[in-house]
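Here the sequence shown is numbered in our numbering, starting from 208 and rising by one per residue. The structure under discussion appears below in the form of structure tokens.
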Amino acid sequence: MRLHTLLTLSCLLTSAAFAALPEIPKDSIAKKGELLFSDDMQGDKHDAKWHRVVDTFGFENGTLKGTQTRDQDVPAADGKPAITKHAAVYGLELPTKDSVVEVKIRFEGNTMMDVEFDDRKFTGSHYGHLCRAQVYLDKVNILDERDGTQSNNIIELRKDAAKNKEEIGKILSTHTVSFPLATKLEQGKWYTLVVETVGEQMRVTIDGTPVAYLKSPGIGHETKSKIELGVAGKSGLFDDIKVWNASPAK
Numbered sequence: 208m209r210l211h212t213l214l215t216l217s218c219l220l221t222s223a224a225f226a227a228l229p230e231i232p233k234d235s236i237a238k239k240g241e242l243l244f245s246d247d248m249q250g251d252k253h254d255a256k257w258h259r260v261v262d263t264f265g266f267e268n269g270t271l272k273g274t275q276t277r278d279q280d281v282p283a284a285d286g287k288p289a290i291t292k293h294a295a296v297y298g299l300e301l302p303t304k305d306s307v308v309e310v311k312i313r314f315e316g317n318t319m320m321d322v323e324f325d326d327r328k329f330t331g332s333h334y335g336h337l338c339r340a341q342v343y344l345d346k347v348n349i350l351d352e353r354d355g356t357q358s359n360n361i362i363e364l365r366k367d368a369a370k371n372k373e374e375i376g377k378i379l380s381t382h383t384v385s386f387p388l389a390t391k392l393e394q395g396k397w398y399t400l401v402v403e404t405v406g407e408q409m410r411v412t413i414d415g416t417p418v419a420y421l422k423s424p425g426i427g428h429e430t431k432s433k434i435e436l437g438v439a440g441k442s443g444l445f446d447d448i449k450v451w452n453a454s455p456a457k
């Protein structure tokens with residue numbers, strides 16, 4: 208999925224051209240409803256809703272450990288297809304529209320961890336990608352991928368990236384935000400990440416502190432059929448995930 212990596216990178220590299228960051232709501236935008244899913248990562252048996260997407264993930268010592276093992280591009284050879292660099296991804300087959308996802312995260316040498324929403328039946332974006340919250344040690348990004356980084360429109364424009372650079376930048380500037388963290392996160396320390404999606408809005412908190420917010424149409428996609436957890440660069444740990452159905456807080 209080299210395209211996925213290139214588009215995300217493009218989004219980050221063009222961040223200087225983005226519009227002023229939106230104000231982050233101080234209070235929650237979501238009211239929790241029914242608890243749809245929870246897993247404390249303990250024991251040997253886990254819900255069948257979990258499934259492999261991109262290597263490598265496994266339950267280990269009461270946590271879900273992700274390690275990016277596809278860490279370099281390997282050209283096709285000896286009849287074998289090419290392998291492209293890609294973050295490790297673990298999927299949760301859990302249909303939602305508006306939700307609150309809470310999960311503990313810990314960096315163990317990796318550079319990025321994220322919570323992503325997809326709809327594999329949607330054909331207007333690469334692999335049905337809809338939106339995601341990416342956490343780095345020094346920043347948090349929110350991406351509307353349906354209408355931005357992974358949209359068919361962007362994919363087509365990138366076929367002549369030099370010619371369409373301005374148009375690509377304009378599209379990404381309205382569907383992606385990158386918020387610097389006031390205090391950098393630390394390797395080896397647990398943090399509670401909460402991702403709220405209500406209508407076209409996504410709000411992210413870390414240990415109860417609001418750190419990122421975006422309102423963009425792709426976030427409001429009606430059928431979010433999957434939630435995926437991602438890790439880029441070495442290993443990262445997840446624990447105690449909970450997913451609630453949600454409604455607008457106001």
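Yeah, the Cβ is synthetic: ideal placement off N, Cα and C, and Gly gets one too. Model, not experiment: these values are computed from the prediction.
Going straight from the alpha carbon of residue i to that of residue j, what length do you get?
{"i": "Tyr-420", "j": "Glu-403", "result": "9 Å"}
{"i": "Asp-354", "j": "Asp-367", "result": "19 Å"}
{"i": "Leu-216", "j": "Thr-356", "result": "With a pLDDT of only 43 at Leu-216, under the threshold of 50, the placement of this residue in the model should not be trusted, and no figure is reported."}
{"i": "His-211", "j": "Glu-435", "result": "Any reading at His-211 must be qualified, since the residue scores a pLDDT of 45, below 50, and its modelled position is unreliable; the value itself is stated next. About 15 Å."}
{"i": "Lys-529", "j": "Ala-237", "result": "Any question about residue 529 goes unanswered here, given that the chain covers just 208 to 457."}
{"i": "Gly-437", "j": "Thr-390", "result": "22 Å"}
{"i": "Gly-499", "j": "Thr-274", "result": "A query on residue 499 cannot be resolved here, the shown segment of the chain reaching from 208 to 457 and no further."}
{"i": "Thr-276", "j": "Pro-288", "result": "17 Å"}
{"i": "Leu-219", "j": "Arg-327", "result": "Any answer about Leu-219 is weak, because its pLDDT of 42 lies below 50 and its placement is not dependable; what the coordinates show is given next. Whole-angstrom Cα-Cα distance: 25 Å."}
{"i": "Leu-400", "j": "Ala-340", "result": "10 Å"}
{"i": "Phe-225", "j": "Asp-447", "result": "The predicted model places Phe-225 with a pLDDT of 47, which falls under 50 and marks its position as unreliable, so this point remains unresolved."}
{"i": "Met-409", "j": "Leu-350", "result": "9 Å"}
{"i": "Leu-444", "j": "Trp-397", "result": "9 Å"}
{"i": "Gly-286", "j": "Tyr-343", "result": "37 Å"}
{"i": "Phe-329", "j": "Pro-424", "result": "15 Å"}
{"i": "Asn-371", "j": "Arg-365", "result": "7 Å"}
{"i": "Lys-256", "j": "Phe-266", "result": "14 Å"}
Is it buried or exposed, residue i, if we count other Cβ atoms within 10 angstroms and call 16 or more buried?
{"i": "Ser-454", "result": "exposed"}
{"i": "Asp-251", "result": "exposed"}
{"i": "Ala-439", "result": "buried"}
{"i": "His-382", "result": "buried"}
{"i": "Gln-394", "result": "exposed"}
{"i": "Asn-317", "result": "buried"}
{"i": "Gln-249", "result": "exposed"}
{"i": "Glu-352", "result": "buried"}
{"i": "Lys-431", "result": "buried"}
{"i": "Thr-412", "result": "buried"}
{"i": "Asp-234", "result": "exposed"}
{"i": "Asp-247", "result": "exposed"}
{"i": "Leu-228", "result": "exposed"}
{"i": "Ala-369", "result": "exposed"}
Start and end of the alpha helix (DSSP H) containing residue i?
{"i": "His-382", "result": "372-382"}
Check each candidate in the options and name the one with the smallest Cα separation from residue i.
{"i": "Asp-305", "options": "Phe-314, Lys-433 and Ala-369", "result": "Lys-433"}
{"i": "Ser-385", "options": "Glu-315, Leu-392, Val-347 and Phe-445", "result": "Val-347"}
{"i": "Leu-301", "options": "Thr-291, Gln-341, Pro-282 and His-258", "result": "His-258"}
{"i": "Asp-254", "options": "Val-261, Leu-243 and Asp-262", "result": "Leu-243"}
{"i": "Ser-358", "options": "Asp-285, Ile-426, Lys-256 and Gly-265", "result": "Ile-426"}
{"i": "Asp-345", "options": "Trp-451, Pro-387 and Ile-312", "result": "Pro-387"}
{"i": "Thr-303", "options": "Val-418, Gly-240, Lys-372 and Ala-456", "result": "Gly-240"}
{"i": "Glu-315", "options": "Leu-271, Gly-298 and Asp-234", "result": "Leu-271"}
{"i": "Leu-299", "options": "Val-261, Pro-229, Pro-417 and Lys-292", "result": "Val-261"}
{"i": "Pro-308", "options": "Phe-266, Leu-379, Pro-282 and Phe-324", "result": "Sequence inspection shows Val at residue 308; the Pro mentioned does not correspond to that position. The shortest C-alpha separation from Val-308 is found at Phe-324."}
{"i": "Ile-231", "options": "Asn-268, Lys-422 and Tyr-334", "result": "Lys-422"}
{"i": "Val-418", "options": "Arg-313, Val-405 and Leu-392", "result": "Leu-392"}
{"i": "Lys-441", "options": "Ala-294, Asn-268 and Ser-245", "result": "Ala-294"}
Does at least one heavy atom of the ligand NAP sit under 8 Å from the Cβ of residue i?
{"i": "Gly-395", "result": "No copy of the ligand NAP appears in this structure; indeed no ligand is present at all."}
May I ask you to list the residues that DSSP assigns as paired with residue i?
{"i": "Lys-304", "result": "In the DSSP output, where bridge partners are listed per residue, Lys-304 has none listed."}
{"i": "Lys-272", "result": "Gly-265 and Leu-444"}
{"i": "Ala-237", "result": "Pro-455"}
{"i": "Gln-408", "result": "Val-405 and Lys-422"}
{"i": "Phe-324", "result": "Cys-338 and Ile-434"}
{"i": "Leu-392", "result": "Answer is none; Leu-392 lacks a bridge partner."}
{"i": "Gly-316", "result": "Ser-442"}
{"i": "Ala-255", "result": "According to DSSP, which records beta bridges pairwise, Ala-255 is partnered with nothing at all."}
{"i": "Ala-295", "result": "Val-438"}
{"i": "Ile-231", "result": "None; Ile-231 has no bridge partner."}
{"i": "Glu-309", "result": "Val-401 and Lys-449"}
{"i": "Phe-244", "result": "Val-450"}
{"i": "Asp-351", "result": "Cys-338"}
{"i": "Thr-356", "result": "Answer is none; Thr-356 lacks a bridge partner."}
{"i": "Thr-330", "result": "Answer is none; Thr-330 lacks a bridge partner."}
In terms of residues, what are the limits of the beta strand (DSSP E) holding residue i?
{"i": "Asn-359", "result": "Run containing Asn-359: none in the beta strand (DSSP E); it sits in the alpha helix (DSSP H), 359-364."}
{"i": "Lys-431", "result": "431-439"}
{"i": "Pro-424", "result": "Where Pro-424 is concerned, there is no enclosing beta strand (DSSP E), given that its DSSP letter is neither H nor E."}
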